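Those sequence lines, one after another, are chains A and B.
First residue of the first sequence? That's 1 in our numbering, and the numbers climb one at a time after it.
First residue of the second sequence? That's 511 in our numbering, and the numbers climb one at a time after it.
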Amino acid sequence: MNVLAWPVLLPLFGGSVLLLVRRSLVRRWVSTAVSAATLAVSIAIAVSTFHGEVLVVQMAAWAAPFGITLAADGLAGLLLLASNVLGLLTVVFAGSSLQHAPVRGDSALLNRARDAFGAQALLQFLFMGVNMCFLTGDLFNLFVAFEVMLLASYGLLLLGGELPQLREGFKYVVINLMASSVFVVTAGLVYGLVGSLNMADIAQRVSAHGGDPRITLLAALLALVFATKAAVFPLGFWLPDSYPVPPAAVSAYFAAVLTKVGVYALLRTFTLMFPSEHGVPTLLFALAGVTMLVGALGAVARRRWRHAMAFANVASIGYLVAGVFIGTHEGMTAALYYLLNSVAVIFVLFLVAALAERIAGPRYREHGHLGLYPWLGAGYFTAALALTGLPPTSGFIGKFALVRSMLAAGTWLPVTVATAAVLTGLLLLYATMRIWREFFWGEADAVHRVAIPRAMSGVTAVAVALLLSLAVFAGPLYGLCGRVATQLDGNAAYRAAVLVPDAPPREGAH
Amino acid sequence: MELLLPLLAALLIGAGVFLVLSRALIRLILGASFISYGVNIAILLAGEGERRDAPPLLQLSGPYNDPLPQALILTAIVISFATTALLLVLALRAYQVTGTDHVQELADRPDPVRSPIVYADPEYPSVSPEIGTAADVDEEGAP
């Protein structure tokens, strides 16, 4: 059962070893091997959770409400699997892109300096934090996991020390510091009011508390923190400028996974800990509709590859949060399927953007790259269809199911958000097809071919293949998402597995 | 005590928010530190109410304070220490690069245009010999 600790321990030890390795090539291989091992463990965990099992480890054998609990249900397994697949791809892509800089001169030196000063080690620490977020069953430990993840992400965002990195990095650090302060004080208040930090235990004590307004306040504070991390509308202003500044592979992983960690925490908060709260989820549902539109409009307005993609990511977060908070089983199933689609499609779009920036710089304005790079065009077109939600891609399946479950809810708010979702799809279609017209289409003038390293194009091809496989295996995957959604409804299995009945009664409990 | 500590937490967090909203980077960092102190006191207060009879492993008698919030504070102190150190280095670096620690000037400064941009193409050798080619950088990478 100790298998649950390995997705946290392997990147920790791997990252520490990477700090000591001096040769760049050895670092690449060690990092790849560590990520591959973490992925193998994650697959093992995910497969057993998909059979309906809830894996639990009590650290140092302290029984549930007293010790630190690691637990994996279907949701954690799904996200662990997705994030570690992307982690392996990111490590390979980063190893190649840091070695083969697109521009000669100071940029090449800068990228090699990034590699020499621990980019690979920081990536491993980032994976450790992300895996711990998905596995922990303890609210305060979730805070620690967030901090591990955030400190690694500060390092990756700032490594290199260019002016845009410093400017956006400062904003990013300060915003996250404020959110973390609110998080830690909320954890303290939860302990003061409820008397426990174990999530399953909190759930039981909260249901005993009844409709206490102070519980609603705690839920709202947690929602504030996690919505900031997930970049939900009024709190997501920091994302579109900060995600494009680190190296390409890093920003791809940030966009595809880190915002989803916020969504995961929201999901845990409102399905496991505070399932009887209704006001805050309704507010988040309404804000998710605005988030979609803001993201799509931003993607239309931006003229740089990764800036436009960062806004597309915001739009995709909007769909996801809306799906999570529809409040029906169908909505949750659709949201989980859309989550997989969103992770894959955003990752592909950022990788394509990285290759395109390598070819023609950060702006998409030179015509006629399709003739020289037909496969890059094919990858972009697939991802653009999946982002917009057009058949035959997985984006269509996810969005269709989301909009249908919103319309099935019937009242005015879900119908309004469904309208926003369809409108966002049209705006995203406009944004992606404009990039297609301005970058890929047209006559090639003064464009010459740039060699793309094999590892980079290979990783992009694998990512596109994963995206396509989401559509090809949509039937079994959708069934799996349905089972995970059933598990999340009430979380009886999770609570039973974490809180073993023969645990000693808690002293002084009220 | 009942009133003093909440007031102190409120004062620290209020001063911290005021400083974070100012435009000098160093005051911003001080503000972040004040907020984390205030937060720590707030957590300490959250553990005040529950007094237990005996610690879990010891056979002592008498009321004692709940140790868990103090363990939480210890963790939070370590994390905020690391973040403050990072922010200080970041502010120093920003000052070295731009010559200012003013937030608005940092935001208004245009991104440096990297020139000359020469794309890595074997057909077109680098036109800027003073920068050198990719082959000049050694395998270890550290300049």
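The beta carbon of each residue, even a glycine, is placed where N, CA and C say it ideally should be.
All of these numbers come straight from a predicted model, not from anything done at the bench.
- Among the CB atoms of chain B, one or more fall inside 9 Å of the CB of A:Ser180.
- Taking A:Thr228 as the centre and dropping the five residues before and after it, the same chain places the C-beta of Ala179, Leu235 closer than 6 Å to its C-beta, in chain order.
- When DSSP states are grouped into helix, strand and coil, B:Tyr574 belongs to the strand group.
- Under the 10 Å beta carbon count, A:Ala492 is surrounded by fewer than 16 other beta carbons and is classified as exposed.
- Listed along chain B are Leu582, Thr585, each with a C-beta nearer than 8 Å to that of A:Phe140.
- Nearest neighbour of A:Ala108 by Cα position, chosen from A:Gly160, A:Leu370, A:Leu139, turns out to be A:Gly160.
- Considering only beta carbons, the part of the region 165–192 of chain A lying closer than 8 Å to chain B consists of Leu166, Arg167, Gly169, Phe170, Val173, Val174, Leu177, Met178, Ser180, Ser181, Val184, Val185, Ala187, Gly188, Leu189, Tyr191, Gly192, in chain order.
- If you draw a straight line from the Cα of A:Phe440 to the Cα of A:Arg363, it comes to about 13 Å.
- Distance check between A:Tyr494 and each of A:Met59, A:Val459, A:Leu98, A:Gly137 places A:Gly137 closest, using alpha-carbon atoms only.
- For A:Thr486, the enclosing alpha helix (DSSP H) covers residues 474–488.
- As the crow flies, the alpha-carbon of A:Trp29 is around 10 Å from that of A:Arg23.
- By the CB criterion at 9 Å, A:Ile317 and A:Val263 fall inside the cutoff.
- The secondary-structure analysis by DSSP pairs A:Val57 across a beta bridge with A:Leu70.
- Around the beta carbon of A:Tyr430, a 10 Å sphere encloses fewer than 16 other beta carbons of the protein chains shown; the residue is thus reported as exposed.
- Judged by pairs of C-beta atoms under 8 Å, the region 72–92 of chain A does not touch the region 139–151 of chain A, as fewer than three such pairs exist.
- Rounded to whole angstroms, the separation of the alpha carbons of B:Ile589 and A:Val184 is 11 Å.
- Burial is judged here by how many other beta carbons sit within 10 angstroms of a residue's own beta carbon; A:Arg112 has at least 16 and is buried.
- As the crow flies, the alpha-carbon of A:Leu197 is around 37 Å from that of A:Leu470.
- If the five residues before and after A:Phe117 are omitted, its C-beta is found closer than 7 Å to the C-beta atoms of Leu159, all from its own chain and listed in chain order.
- Looking at A:Phe170, A:Thr282, A:Cys481, the one whose alpha-carbon comes closest to that of B:Leu596 is A:Phe170.
- The Cβ of B:Pro579 sits closer than 9 Å to at least one Cβ of chain A.
- Nearest to B:Leu600 by alpha-carbon distance, out of A:Trp375, A:Asp241, A:Tyr154, is A:Tyr154.
- Residues of chain B whose Cβ lies closer than 8 Å to the Cβ of A:Tyr243 do not exist, since the nearest Cβ in that chain is about 16 Å away.
- Restricted to the region 139–203 of chain A, the alpha helix (DSSP H) segments that are unbroken, complete and at least 4 residues in length are 139–158, 163–194, listed in chain order.
- Nearest to A:Gly298 by C-alpha distance, out of A:Thr424, A:Glu330, A:Phe400, is A:Thr424.
- Close partners of B:Leu597 in chain A (Cβ separation under 7 Å): Val173.
- Look at B:Thr608 here: in three-state DSSP terms it is helix.
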